[in-house]
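Notes for the one structure printed next.
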Amino acid sequence: MIVRRAAFAAVAVLLALSPAARARPREGTVAVVSIEITGDGPPEMRDHAHRSLAKGLAAGGLRVIALTDVMHALADSPELIGCRSTTCLQRIGEKVGANYFVRARIEVTGSAYFVELELLSAEVEGALVTRAERSCPVCTVTEVGDLIATAAQEMVELPPAKPVPVRIVTRPPGAVVTVDGVRVGESPHELNLDPGDHAIVAEAPGHVRAAQTVRISESDAEPVVVELDLPAAAAAAPPLPMTPPRRPYRTWKWVAAGAATAAIATGAVLVAVDGDGRCDAAGARCAERYETGGAGAALIAIGAGAGAAAGWMFWRDARDAELTIAPAPGGAAASVRMAF
């Protein structure tokens with residue numbers, strides 16, 4: 007059952023992308039230069055034949071210049087009327103703005119009709135591009151009109167285009183590919199497409215859907231490459247506002263450091279003069295003697311304590327730094343500011 011469904015799906019894709027061969031319209035402008043009716047055709051036959059002829063030519067893709075407009079444009083060049091050489095056709099084309107020309111001949115015998123149409127061009131050697139002939143043993147005027155319209159359309163249409171093998175490649179590979187609204191599979195993928203414009207869509211997880219229109223010609227040999235982009239990165243958020251660092255001991259640490267320095271210096275002096283005094287020359291008898299050792303030692307101890315406190319306060323303020331984190335491409339960025 008699964009195999010059968012897969013086969014049906016494949017056939018559906020092929021049918022969707024490979025329509026029945028059909029003629030292509032011809033581009034350009036055609037001028038009706040002659041409608042000749044022989045035999046016993048009714049009086050209204052010429053106008054009816056012209057309308058049917060113009061209808062078929064337009065259906066074949068051409069813009070039609072009516073016979074009356076052509077005759078009006080050639081009023082000052084009567085030598086061009088009825089002339090079918092490439093030189094004459096080139097001059098007629100310059101006057102009326104056409105690159106194709108049509109001549110029609112209709113033979114009428116009772117209710118039998120023979121129709122001959124010729125498509126001419128000044129760019130073709132001998133001027134004849136193609137010819138169409140139709141006959142109807144028993145027809146009404148309406149029926150022969152339909153015959154003329156069909157013959158004119160088939161005469162000017164181009165033959166069906168030959169499908170072109172196309173290879174579709176995506177970057178990255180493995181994307182799901184849709185052509186003209188029909189899912190064809192994952193890339194790389196090969197299929198046949200008619201010449202002309204085709205809408206190609208590629209989708210892959212984690213990538214932006216890609217859509218583009220490509221024009222395929224019969225001479226194309228290069229693969230069709232579809233690039234799928236990654237989603238755009240979100241805009242980087244601004245860094246957090248920086249705030250001044252906290253320094254609670256900004257002044258006191260310096261006061262403690264100064265006090266420690268003074269206490270230690272003073273204590274050292276007192277310890278140094280301890281035991282000195284005013285004595286006689288022999289030093290045996292002293293009227294006064296300094297006893298400053300204890301006070302000096304105490305000041306040194308106090309200075310040491312103040313110095314330790316100052317050092318702690320310096321360390322505490324230095325530790326109070328700010329950490330700033332901000333998004334950055336591929337991760338995050340951090341900045342640290344220290345304050346002393």
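Quick note, the numbering used here runs 6 ahead of the 1-based positions in the sequence shown. Positions of the beta carbon are idealized from the N, C-alpha and C atoms, including for glycine.
Could you give the distance in angstroms between the alpha-carbon of residue i and the alpha-carbon of residue j?
{"i": "His56", "j": "Ser223", "result": "36 angstroms"}
{"i": "Val150", "j": "Val172", "result": "44 angstroms"}
{"i": "Glu85", "j": "Val39", "result": "13 angstroms"}
{"i": "Ala208", "j": "Asn198", "result": "18 angstroms"}
{"i": "Ala79", "j": "Leu95", "result": "13 angstroms"}
{"i": "Ala240", "j": "Val232", "result": "Caution applies to Ala240, whose pLDDT of 42 falls short of 50 and renders its modelled position unreliable; the model cannot decide the point."}
{"i": "Glu100", "j": "Val36", "result": "12 angstroms"}
{"i": "Met77", "j": "Leu59", "result": "17 angstroms"}
{"i": "Asp203", "j": "Val220", "result": "6 angstroms"}
{"i": "Glu228", "j": "Asp235", "result": "22 angstroms"}
{"i": "Val175", "j": "Gly103", "result": "44 angstroms"}
{"i": "Ala242", "j": "Arg215", "result": "Its pLDDT being 48, under 50, Ala242 is placed unreliably by the model, and nothing is read from it."}
{"i": "Arg189", "j": "Gly180", "result": "13 angstroms"}
{"i": "Asp200", "j": "Val162", "result": "20 angstroms"}
Three-state secondary structure (DSSP) at residue i?
{"i": "Arg173", "result": "strand"}
{"i": "Arg137", "result": "strand"}
{"i": "Asp200", "result": "coil"}
{"i": "Arg90", "result": "coil"}
{"i": "Ala241", "result": "Confidence is the limiting factor: at Ala241 the pLDDT is only 41, short of 50, which leaves the residue's position unreliable, though a coordinate-based value still follows. Reduced to three states, the DSSP call for Ala241 is coil."}
{"i": "Leu73", "result": "helix"}
{"i": "Glu160", "result": "helix"}
{"i": "Val150", "result": "helix"}
{"i": "Val231", "result": "strand"}
{"i": "Arg215", "result": "coil"}
Contact defined as beta carbons within less than 8 angstroms: I believe residue i pairs with residue j. What is the distance between those atoms, to the nearest angstrom?
{"i": "Arg90", "j": "Leu126", "result": "6 angstroms"}
{"i": "Gly62", "j": "Gln159", "result": "4 angstroms"}
{"i": "Glu33", "j": "Gly67", "result": "6 angstroms"}
{"i": "Ile41", "j": "Arg52", "result": "6 angstroms"}
Any beta carbon from chain C within less than 8 angstroms of residue i's own beta carbon?
{"i": "Ala307", "result": "Among the chains of the structure shown, chain C does not appear; only one protein chain is present."}
What residues match up with residue i in a beta bridge as DSSP calls it?
{"i": "Val112", "result": "The question names Val, but residue 112 is Ile in the sequence shown. Paired residues: Ile43, Val121."}
{"i": "Glu209", "result": "Val182"}
{"i": "Ile222", "result": "Gly202"}
{"i": "Leu126", "result": "Phe107, Leu134"}
Please confirm if the stretch 41–58 is in contact with the stretch 138–145, defined as three or more CB-CB distances below 8 angstroms between the two stretches. no
Is the stretch 112–120 touching the stretch 66–82 in the sense that three or more CB pairs, one from each, lie closer than 8 angstroms? no
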